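Trainee: Quick one: the structure is below, and I'll ask about it shortly.
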Amino acid sequence: MTHVTEHPLVQGGRSAALAAACVRGGVAAGLGLGALAVLVIAAWISSPFPDGGPHDVLHTVAGLWLLAHGVDLLRTDTLSDVPAPLGVVPLLLAALPVWLVHRAARDTLDPGAGGRNRPRPSPSGAIGAVAGGYLLVTAAVVLYSESGPLPADLVTAGLWPPAVVTGAATAGVWTALGRPFPGPRWAVLPRAAGLGLVTLLAGGATAATVSLVLRADRAQGLFLGLAGEWSGRAAVLLLVLALLPNAAVWGAAYGLGPGFALGTGALATPLGLAGDPAVPPFPLLAAVPAEGRGTWLHWSAAAVPLVAAVLLGHRVGRSARTWSVRDTVLTALGAAGACAAAFTALAGAAGGPLGSGRLSAFGPVWWQAGAAAALWTVCAGVPTALGVRAWGRRSPRPKHVPAPVPTAPDPTETEPETETEEGAATGGKPSRMPSLKWVRLRDRGRDPDRGRSRNRFRLRGRRSGAAPGTQGPGTNPYDGDPYDDLYGDPFGDTGYEPYDFLPAAWEPTAKPKPEPKPQPEQDSEGPGTA
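Residue numbers for the sequence shown follow the working numbering, so the first one is -4 and each next one is one higher.
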């Protein structure tokens, strides 16, 4: 008889899991490239006057894919034959690679369908394997782009793709582990920072939308002037959609105060547009404020960072009701720093060079936007967190209830007489609770029939029409039968006799008197009668 035990990959199971994770990273990179290639090739095929061949189209796909990872490109086909840098990242286009890496790392630590116990790498091994497989494809794409019209800048290619891919893989592994936190403060910190960042971007998108609506005629003219056929307009529309998150970041930077650059020497802030802007003809750039000093409508953009900082502090303060002041301040500072760091990265990706000369500085300046975000969130977020914490720790004051004022009874009104249980007519309502009172039986001496001394004090319970604990009208505590009390007849049994009527151990027991014998009845007529 042979016993067969199923152990898949008993030897080298961890190595096979690492290899599978590396393959997952490579597949994620291939999926991103394929999705982008489909869009570019579709636009090239639908164009009535295509420029270049399939080789140029694939180089364009490679350049755009690297640009989505933060790699600067160099345009070689310029009029001056001087390579012009291109560093503005379409943020919506960058969301696809980040999501694919996140999903690949998360699925690497997934136990599988049905909860099978398949070999899985360690968390650090999963991050390294997925990022390694993805970066291998990235290196191949960088080498391929060197022979095309949009070669990659090697410095940025060696810096930004590893950072983006490693961060996305780390977030995926953290999600697969259940998003653990080392403590309550660490759990509040990313949530508060995320709330502040989302509010900041939403406010920036609102400001950009309002400005674009006010200049809708100019934006429409620029959109129709860039392309005359529907395929070209579709390509321009896709580019506008990919740059919509960039417009939200620009609007948030505008509200923070530093604003954004429109070329070297030109700066747009809520105070006004200074310098001579160099604005390319693009529909989204129609939302740029006009030259001159700012008005109240431009100044109202400052409400965006204020609301974001207040919401960040409120989120921290709501969770800090049981914390100390020091922990609350440190958590608020950490959330403000995380929000500012995330916005700094977004501002650096949303801006950059669009060419050489005056277009070498375009969009938000990353360090100025990050410093302004940190200043707003610290100055408004920390006091808000402390105020919300103090409000949550307050003790509610008891409500003052005025004491009832007794009213004097009307002597003209008489209460109806009611029949008590003993049959006595008393005034007021009958009380169901007996009134208990200790009374002294001074008029009771020694009972010869019982052969013992009666108690000198007894707890009397009289049912009367008065309230419990009070005497009824016309009653005397020393009158009445002492046996008629609460303990004398609790259940209406007339044969019940309390213990205090029994003789004590030291008292002599009196013998009962013999009953007299019955006398024979005599004839009423007497003797001698007939």
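For every residue, glycine included, the Cβ atom is placed at its ideal position computed from N, Cα and C. Because the structure is a prediction, the values reported are computed rather than measured.
Residue range of the beta strand (DSSP E) that P80 falls in?
Mentor: Element bounds for P80: 79 to 81.
Trainee: Using the C-alpha atoms, what's the distance from L91 back to P85?
Mentor: Near 11 Å, if we compare the C-alpha coordinates of L91 and P85.
Trainee: Looking only at its own chain, which residues have a Cβ that is under 8 Å from the Cβ of V18, when we skip the five neighbours before and after it?
Mentor: Answer for V18: G128, listed in chain order.
Trainee: For V360, which residues of its own chain have a beta-carbon under 8 Å away from its beta-carbon, when the five flanking residues on both sides are left out?
Mentor: Taken in chain order, the residues that qualify are P253, F255, A256, A342, G346.
Trainee: Could you give the distance in angstroms between the alpha-carbon of A366 and the alpha-carbon of A335?
Mentor: So the alpha carbons of these two residues sit roughly 7 Å apart.
Trainee: Roughly how many angstroms lie between the CA atoms of A380 and P275, to the nearest whole one?
Mentor: Taking the straight line from one Cα to the other gives about 43 Å.
Trainee: Name the residue from V383, V136, P116 whose alpha carbon lies nearest to the alpha carbon of G153.
Mentor: Answer by Cα proximity: V136.
Trainee: Just verifying my parser: in three-state terms, what is the DSSP assignment at L233?
Mentor: Three-state DSSP puts L233 in a helix.
Trainee: List the whole-angstrom C-beta distance separating P240 from L87, where the pair is believed to meet the contact cut-off of C-beta under 8 Å.
Mentor: The Cβ separation is near 5 Å, so the contact holds.
Trainee: Can you tell which of A37, L62, A124, A333 has the C-alpha that lies nearest to the C-alpha of A11?
Mentor: For A11, the nearest C-alpha among the options comes from A124.
Trainee: Quick one: grab the DSSP three-state call for A14.
Mentor: Three-state DSSP puts A14 in a helix.
Trainee: Closest by CA to L280, which one among V160, R288, R210?
Mentor: Nearest of V160, R288, R210 to L280, Cα basis: R210.
Trainee: Just to confirm before moving on: does the CB-CB distance between A584 and L184 stay below 7 Å?
Mentor: The structure shown does not extend to residue 584, since the chain is modelled only from -4 through 525, so no value can be given for it.
Trainee: Of the choices V168, G58, G312, whose alpha-carbon is the least far from that of A385?
Mentor: Measuring from the Cα of A385, the nearest candidate turns out to be G312.
Trainee: Nearest by alpha-carbon distance to A182: which of E141, V35, T326 is it?
Mentor: When each option's Cα is compared against that of A182, the closest is T326.
Trainee: Just checking my contact of A242 with A203 at CB under 8 Å: how many whole Å lie between their CB atoms?
Mentor: Rounded, the Cβ-Cβ distance is 4 Å, consistent with contact.
Trainee: For P284 and L251, which I take to be in contact (beta-carbon distance under 8 Å), what is that distance rounded to the nearest angstrom?
Mentor: The pair is not a contact, with the Cβ atoms about 15 Å apart (cut-off 8 Å).
Trainee: Rounded C-beta distance between V168 and A100? I'm assuming under 8 Å.
Mentor: Right, the Cβ-Cβ distance comes to about 5 Å (below 8 Å), so this counts as a contact.
Trainee: Could you pull the start and end residues of the alpha helix (DSSP H) that T326 belongs to?
Mentor: T326 -> alpha helix (DSSP H) spans 320 to 345.
Trainee: Please classify D67 as buried or exposed, where buried requires at least 16 other C-beta atoms within 10 Å of its C-beta.
Mentor: Answer is buried; the Cβ neighbour count reaches 16.
Trainee: How long is the line joining the alpha carbons of A15 and A63, rounded to whole angstroms?
Mentor: For A15 and A63, the distance between alpha carbons rounds to 26 Å.
Trainee: Of the residues A298, L268, A32, S75, which one's Cα is nearest the Cα of L61?
Mentor: For the residues A298, L268, A32, S75, the minimum Cα distance to L61 belongs to A32.
Trainee: If you drop the 5 nearest sequence neighbours on each side, which residues of the same chain put their C-beta closer than 6 Å to that of S314?
Mentor: Result list for S314: V183, in chain order.
Trainee: Given that a residue counts as buried once 16 or more other Cβ atoms are within 10 Å of its Cβ, and exposed if not, what is T317?
Mentor: Under this definition T317 is an exposed residue.
Trainee: Does the segment 161 to 178 touch the segment 303 to 311, meaning 3 or more C-beta pairs lie closer than 8 Å?
Mentor: The segment 303 to 311 is not in contact with the segment 161 to 178.
Trainee: Would you list, in sequence order, the uninterrupted beta strand (DSSP E) runs of no fewer than 3 residues that lie entirely inside the segment 227 to 307?
Mentor: Whole beta strand (DSSP E) segments, 3+ residues: 255 to 257, 262 to 264, 267 to 269.
Trainee: Pick helix, strand or coil for T70, following the three-state DSSP scheme.
Mentor: The sequence given here has Arg at residue 70, not Thr. In the structure shown, R70 sits in a strand (DSSP, three-state: E or B).
Trainee: Near V52, which residues of its chain fall below 7 Å by C-beta distance, leaving aside the five closest residues on each side in sequence?
Mentor: V35, I36, W39.
Trainee: What's the C-alpha gap between G143 and H50?
Mentor: Approximately 8 Å between the Cα atoms of the pair.
Trainee: From which residue to which residue does the alpha helix (DSSP H) around F218 run?
Mentor: That run of the alpha helix (DSSP H) goes 211 to 221.
Trainee: Between which residues of its own chain and A79 is the CB-CB distance below 6 Å, once the five residues before and five after are set aside?
Mentor: Here the set comprises R70, T73, G350, S351.
Trainee: Quick one: is T599 buried, meaning 16 or more other Cβ sit within 10 Å of its Cβ, or exposed?
Mentor: A question about residue 599 goes unanswered here, because the residues of the chain that appear run from -4 up to 525.
Trainee: Counting only the same chain and skipping the five closest in sequence on each side, list residues whose C-beta sits under 6 Å from that of S41.
Mentor: Correct list, in chain order: S226.
Trainee: Quick one: what's got a C-beta closer than 8 Å to G220's C-beta in the same chain, skipping five residues either side?
Mentor: P276, listed in sequence order.
Trainee: If you draw a straight line from the alpha carbon of G382 to that of L195, how long is it in whole angstroms?
Mentor: Their Cα atoms are separated by approximately 22 Å.
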